[in-house]
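Heads up: the structure comes next, in structure tokens.
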């Protein structure tokens, strides 16, 4: 009996050892799944923004908002690396003959490359598209006209329309342009108040287009591209389309979604801001 038990014990141990060896060999021979590489996105071309209150020349400000004073009003939520805005208002009071009112706002929004959101220029293109559509969807807008622009950044569009207020008829121009990973929005409107003649929409549109060209050139110059403006008044940089290879630079933190949302709302509410400013102008006159 002792001999039988010993043999049985040796046999079981041998099988167990054989089984363990086989399992070990199987595990060693199997292919282990490798960790997938984290997705990479091309770095954003532009890393900073100029001061929005300094992107337009003195002559342009004199032409667009002649009674605005020396400086504009900076946006309350400005962030040097991601967003910047500035607004000017002008009231040329002609006494009993009425007044000419002008309001100008320049907004700059920079997008950084992010593994979740994607490349900065692609994000900027999406925001540019939204801004253009929002400008066409303002309540009460009449005689809307959309004009694609050339020679201004990578892509640009002007949207203009009439907006009737109790103070008068306002001529609104919104010009949106994208250069690399930055979107520039220029809102410009004018009205003849208290019986003054309504300004010509074509003249206002040309003025707004000149302003956006200067702003785009200033963005490029702030990032070391060209002298800021060529002899023709357009940006001297060669902006890329979304998906093209951008210069290899280290991306910084991307602007928050709330910043983009705030900027979009600001553009859509421009007429209401104008209305309140106009009301103040009427009372003053």
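Residue numbers (this note's numbering): 11 to 295. Yeah, the Cβ is synthetic: ideal placement off N, Cα and C, and Gly gets one too.
Taking the CA atoms as reference points, residue 189 sits about 12 Å from residue 235. If you check the CB distance, residue 198 and residue 217 come in under 8 Å. For residue 195, the enclosing beta strand (DSSP E) stretches over residues 192 to 203.
For residue 214, the uninterrupted alpha helix (DSSP H) run begins and ends at 211 to 232, by DSSP.
The DSSP assignment places 109 to 120 as complete runs of the beta strand (DSSP E) inside the stretch 107 to 158, in order along the chain (cut-off: 3 residues). Using a C-beta cut-off of 8 Å, the stretch 102 to 121 makes contact with the stretch 65 to 82, since at least three inter-stretch Cβ pairs fall below that distance. Less than 8 Å divides the Cβ of residue 162 from the Cβ of residue 222. Counting along the chain, no beta strand (DSSP E) covers residue 69; the unbroken alpha helix (DSSP H) around it starts and ends at 68 to 74.
For the pair residue 229 and residue 118, the CB atoms are nearer than the 8 Å cut-off. Three or more beta-carbon pairs separated by less than 8 Å are not found between the stretch 169 to 176 and the stretch 82 to 96, which leaves the two stretches without contact.
Nearest to residue 211 by C-alpha distance, out of 191, 50 and 154, is 154. Contact annotation: residue 164 and residue 59 have beta-carbon atoms that are not nearer than 8 Å.
Secondary structure at residue 161: coil, using DSSP grouped into helix, strand and coil.
The alpha-carbon of residue 226 is positioned some 16 Å away from that of residue 91. For residue 85, the secondary structure class from DSSP, reduced to helix, strand or coil, is coil.
Straight-line measurement puts the Cα of residue 207 at about 53 Å from the Cα of residue 51.
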